[in-house]
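Contents: one structure, followed by commentary.
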Ligand code: SF4
């Protein structure tokens, strides 16, 4: 079987050409299927006596999957030609390109591949260059592509764009069959198209003259081969069919795609020659780092985008405890976003009822499916919001995704209309459109901006209140009272007013201004971004110092709190208590850990000074601290207070740790990249240990526990070097 695609600018006559190629090939005894991929769905009309057929997309829309049959969308036309029309959504709604993909998927599921065929002819709109309309260009569909053009510049321009599309998909295999000139009666039309054809090194397979017979055949619902079989036009169209049949026998007749660049196209338009060997010189786009990257290998010179802006926005909005965050998108997006939120909760040690239950995290979605993606989903959003209102929800964040963005759903209009009906309820849209805003962090900050809208201006500051900002998953906090940031604040006799962007209800957010001091918890760009948003939007000051992690930070924090709130005595008492606990516990753990050699590798954290402090207090030996590439972050890392005292390796890749660990045989590797793949040495991963001093003691206990068992079970056969050395040591003296 051969599959050919007939591409051309809208209105150039490619449907007429396609129908006549199909007809001529059927005359030759071939079993032919024609698929119209133009939303105006008139490709097969001449083969069906002028009759319109049900398009696949309208069929998908109206028929549930279990009721669908191939025979409902594949009609038999003249000479036994099988006819399909893809169709498209209403103009201005949904995504016609996505519709082509849905059509092909549906036909495949309904068993089109099992229908015995010699030829498939795709009739495709060629001036739309999105990925959906390029589907027939991909290898598994069209073997050969015919370009229909006239002598008009825009028509040749579209043909050249199709060549660019083919070049993107050809994987080095020739795919172009040739050019079909469909004359419009312009002066020098044949020579103009010849110049273009020569420049792109393609033959003109047929020159179809302008003829009234086409209109007459169309009005009778006939292909011209049937209406005027002996006409010159019919003769030319038979040439194309014969050419296609010859490709069926001999694929070496297919040619490479050599599109022109814009400057060369300009010269064609100006009537100049472009030599074939000049063509195709400047068409390469920027290389995609993701595709070039070897599997599982992080490139040192690229910043990796963690996740999409929509996911960041959902994460941020869903921290408001008495609201629902509605994801206007597919359920797969919702699942991914809920899972990642849940993962962060697990990292914090918070127990969740179910691993990925979005509702439990106050996340819901419009569950766009393929049909909605094609035809538009504003109705779905409206229904979802109305259902949630009936269920008693009163506060809503709505976050847009790639799909709602691409198909152009007007989310704001839908939400505004419902909000006007329910002035007592709260609605806020965050337009993230997948990655349009940027990455996860940009979405998270956009959510902070949305949540900050809730802060009231008429609230007075109180003397014993602080706000905590953007606590999230970079640290591991057990629900343990000792390690909770709020509990630490209470030790000083102060109140936590609002935990902004962390489990805060609307009331506490509205009263944000009661807080006299504002602290962020972690030194990452997202948290700093939220802080800057609040400073700019609300005119409040956010402290430059973080909530403390480790003894050094805690000392400074206690002094500052004492000064700011005039509670120096109490702060000194708290500090003395914490110092006593720290000294006692670390002294005990030192007995188990002193002298052990450590490699630290950090990819995610701005500062690991808390960890270095702890390791040094335990009298362990730091072999080196490998820090991931600075440009992973949007800002430079905070300089370490241990520069010059500890060996730092900057731009350290997590890929290097396996080799370094085997070569240097440390007693333990402490890393946060999670990519080390270490098997022969002790290894523990960390996220920022938490807030205060107790979390550090717990982390030290973990280090002692991890190093107290062999890195590899005795029954395993080790490799050489490090493993063998460890085994020898373990069994020495036996
Ligand atoms: S919004 Fe876009 S990038 Fe984000 S999960 Fe959905 S499809 Fe993926």
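Residue numbers (the working numbering): 326 to 1059.
From the three backbone atoms N, C-alpha and C, an ideal C-beta is built for every residue, glycine too.
On the DSSP bridge assignment, give the partners of residue i in chain order.
i: residue 506; result: 474, 532
i: residue 1007; result: 993
i: residue 922; result: 946
i: residue 650; result: 688, 722
i: residue 693; result: 655
i: residue 447; result: 330, 360
i: residue 642; result: DSSP output for residue 642 lists no bridge partner at all.
i: residue 469; result: 329
i: residue 422; result: None, per the DSSP bridge assignment.
i: residue 410; result: 361
i: residue 1017; result: 874
My guess is that residue i and residue j are in contact by the Cβ rule of under 8 Å, so how many angstroms apart are they, rounded?
i: residue 914; j: residue 943; result: 6 Å
i: residue 362; j: residue 499; result: Going by Cβ atoms, the distance from residue 362 to residue 499 rounds to 22 Å, so no, they are not a contact pair.
i: residue 569; j: residue 334; result: The Cβ separation is near 21 Å, so there is no contact.
i: residue 505; j: residue 530; result: 6 Å
i: residue 553; j: residue 540; result: Residue 553 to residue 540, Cβ: 12 Å. No contact.
i: residue 565; j: residue 652; result: That belief does not hold up - the Cβ atoms of residue 565 and residue 652 are roughly 49 Å apart, past 8 Å.
i: residue 411; j: residue 381; result: 5 Å
i: residue 395; j: residue 373; result: Their Cβ separation, rounded to whole angstroms, is 17 Å, which puts residue 395 and residue 373 out of contact at 8 Å.
Would you mind working out which of the options sits nearest residue i, comparing C-alpha positions?
i: residue 749; options: 484, 983, 714; result: 714
i: residue 598; options: 576, 518, 534, 545; result: 518
i: residue 834; options: 560, 646, 383, 336; result: 646
i: residue 879; options: 858, 934, 721, 663; result: 934
i: residue 952; options: 939, 946, 982; result: 982
i: residue 632; options: 765, 893, 409, 989; result: 765
i: residue 908; options: 592, 509, 1021; result: 1021
i: residue 466; options: 447, 475, 476, 473; result: 447
i: residue 661; options: 636, 653, 967; result: 636
i: residue 824; options: 1030, 794, 838, 752; result: 794
i: residue 572; options: 414, 1032, 327, 856; result: 327
i: residue 1026; options: 398, 382, 910; result: 910
i: residue 687; options: 663, 707, 699; result: 663
i: residue 863; options: 533, 839, 871, 875; result: 839
i: residue 562; options: 945, 964, 643, 342; result: 342
i: residue 841; options: 881, 355, 829, 891; result: 891
i: residue 859; options: 837, 404, 403; result: 837
i: residue 786; options: 758, 843, 769; result: 843
i: residue 848; options: 869, 370, 976, 508; result: 869
i: residue 567; options: 354, 784, 967; result: 354
i: residue 308; options: 526, 532, 528, 899; result: Outside the displayed span of the chain (326 to 1059) sits residue 308, for which this structure offers no information.
i: residue 778; options: 754, 792, 791; result: 754
Between the C-alpha atoms of residue i and residue j, what's the straight-line distance to the nearest angstrom?
i: residue 776; j: residue 826; result: 8 Å
i: residue 638; j: residue 772; result: 5 Å
i: residue 697; j: residue 426; result: 13 Å
i: residue 736; j: residue 762; result: 16 Å
i: residue 970; j: residue 1017; result: 24 Å
i: residue 587; j: residue 501; result: 20 Å
i: residue 722; j: residue 640; result: 11 Å
i: residue 877; j: residue 423; result: 57 Å
i: residue 346; j: residue 493; result: 26 Å
i: residue 409; j: residue 437; result: 11 Å
i: residue 850; j: residue 978; result: 20 Å
i: residue 993; j: residue 950; result: 12 Å
i: residue 433; j: residue 336; result: 29 Å
i: residue 665; j: residue 659; result: 10 Å
i: residue 497; j: residue 331; result: 21 Å
i: residue 818; j: residue 789; result: 8 Å
i: residue 1010; j: residue 866; result: 34 Å
i: residue 829; j: residue 644; result: 7 Å
i: residue 888; j: residue 815; result: 16 Å
i: residue 718; j: residue 648; result: 7 Å
i: residue 980; j: residue 989; result: 15 Å
i: residue 1042; j: residue 984; result: Low confidence applies to residue 1042: its pLDDT is 47, below 50, so where it sits in the model is not reliable enough to give any reading.
i: residue 317; j: residue 741; result: Beyond the ends of the chain as shown, which are 326 and 1059, falls residue 317; an answer cannot be given.
i: residue 767; j: residue 728; result: 18 Å
message: Could you tell me which whole beta strand (DSSP E) segments of length 3 or greater appear in the segment 710-784?
response: 720-725, 751-755
- prompt: Which full runs of the alpha helix (DSSP H) of 4+ residues lie inside the segment 518-592, going along the chain?
  reply: 537-544, 549-552, 557-574
- prompt: Unbroken beta strand (DSSP E) runs of length 3 or more, entirely within the segment 815-847: which are they?
  reply: 820-825, 842-845
query: Going along the chain, which unbroken runs of the alpha helix (DSSP H) with 4 or more residues stay wholly within the segment 870-920?
result: 876-890, 893-918
task: Could I get the ranges of all uninterrupted beta strand (DSSP E) runs contained in the segment 341-396, with 3 residues as the minimum, in chain order?
output: 357-362
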